[in-house]
Amino acid sequence: MIKLHQLTLPIARAFHSSAIVSSASQSPLFQLRQRTGLAYNLCREALNKHNNNIDEAECWLKAQALAHGLQKATKVRGRNAKEGLIGLAVHRGNKLATFLELNCETDFVAKNQLFKDLAVSLTEQLASDTKGCEAINIPDQAHIRKLKPREELFKSIDTQIVPLITRLGEHIKVQRAFHFESTEDEAQVFCQIHSKSAEKITDSLDIKTGRYGAVVALKTPGKSHKDKTISYNPIGNRLCQHVIGYSPSYIELPENMRKHLEAIEKEAAEKAASESVAVEEDGDSDSEGSSSPNNSRDDWPSIMDQQLIMSDDTSVREFCKENEVSIVYFDRFECGQSS
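Quick note: the sequence shown uses our numbering, first residue -11, plus one each step.
Structure (structure tokens):
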């Protein structure tokens, strides 16, 4: 038979243990560690210095971490940082896009979740605060302009980067950041990322990060703003993918360059035709050596002449004409570029 004291003893122990756990969870030391995630000895030192005031102890710990981080940041500042992520954000309505390049030293850190989260967070902060920006006009461009964020915002960003430098042990910096703003009602801005690393979608922003990115501005005459937002996002995004993949330099070729390339193209076609006739006269028309001229202009540096990415027989020019859009601006970004 089980005696009564054999049942009551474990129950009493359970009550005693739960009381200890509850008491520990209410202690200032436990709460401070929960807030900061720092080591036991650091939290205890902070509480001892501030008479167990949790708020003051937390402020002191943050100040100590920042001071230590600034020292660490100063030590690593001269190191080469060419890895990292591109951040792009576009506002609903496609009138403003934000670009950020966040660099670190190694691809290992660039793939760290803390670094990814920071890239998304900083891109979102920049995209959400466009007050006091400095306008930078783009030469020969009437449809879009660049905006440089104000210096105070960069100072705030530097402060946020410092703790991550301490934690990851690498030089981390914002290499460049700016906005693209449409200056005409009929122009819209689109952006896209290749090798997507992280993303965030809010009520007003679509944020993406990765190693490569592109911004494309389209003009869509004769369409309402609402219709443009609905209809032209897939078109703009596809053209962004093309810019990333083909890396064009021009919308349209300068006339003198076009004449030169057309002459080379004509000469190559005539040579191929002559070789084809010679093969037929030799009675070897099925020979693997015979070839037809390559009519693709993918190696031309003008986007309008190139074959549309992921398309077998449609040029960018034909694609734009079919969808009643014209490309007025594009830019391509690669993490680690110096410009």
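The C-beta atom is built at its ideal place from N, Cα and C for all residues, glycine as well. Please read these numbers as outputs of a predicted model, since none were measured by experiment.
Continuous alpha helix (DSSP H) stretch holding residue i: start and end
| i | result |
| --- | --- |
| residue 140 | 139 to 156 |
| residue 223 | 221 to 234 |
Residue i (DSSP reduced to helix, strand or coil)
| i | result |
| --- | --- |
| residue 296 | coil |
| residue 323 | coil |
| residue 313 | coil |
| residue 69 | coil |
| residue 176 | strand |
| residue 14 | coil |
| residue 160 | coil |
| residue 284 | coil |
| residue 306 | helix |
| residue 118 | coil |
| residue 95 | helix |
| residue 301 | coil |
| residue 246 | helix |
| residue 52 | helix |
| residue 216 | For residue 216, the predicted model reports a pLDDT of 48, less than 50, meaning its position is unreliable; a value from the coordinates is still stated below. Residue 216: helix per DSSP, three-state reduction. |
| residue 19 | helix |
Segment limits, beta strand (DSSP E) that includes residue i
| i | result |
| --- | --- |
| residue 195 | 193 to 207 |
| residue 34 | Premise fails: residue 34 lies in the alpha helix (DSSP H), 28 to 37, not in any beta strand (DSSP E). |
| residue 86 | 84 to 92 |
| residue 239 | Per DSSP, residue 239 belongs to no beta strand (DSSP E) and is neither H nor E. |
| residue 124 | 122 to 124 |
Residue i vs residue j beta-carbon contact at 8 Å
| i | j | result |
| --- | --- | --- |
| residue 48 | residue 69 | no |
| residue 169 | residue 195 | no |
| residue 360 | residue 303 | The structure shown does not extend to residue 360, since the chain spans only -11 to 327, so no value can be given for it. |
| residue 75 | residue 84 | no |
| residue 78 | residue 208 | no |
| residue 165 | residue 114 | yes |
| residue 323 | residue 246 | no |
| residue 72 | residue 91 | yes |
| residue 192 | residue 80 | yes |
| residue 204 | residue 42 | no |
| residue 286 | residue 234 | yes |
| residue 135 | residue 118 | yes |
| residue 206 | residue 152 | no |
| residue 104 | residue 197 | yes |
| residue 82 | residue 178 | yes |
| residue 222 | residue 294 | no |
| residue 20 | residue 51 | no |
| residue 228 | residue 176 | no |
| residue 108 | residue 161 | no |
Identity of the residues DSSP links to residue i by a beta bridge
| i | result |
| --- | --- |
| residue 100 | For residue 100, which the question treats as bridged, DSSP gives no partner whatsoever. |
| residue 186 | 197 |
| residue 168 | 85 and 134 |
| residue 75 | 88 and 197 |
| residue 318 | 204 |
| residue 181 | 201 |
| residue 290 | 238 |
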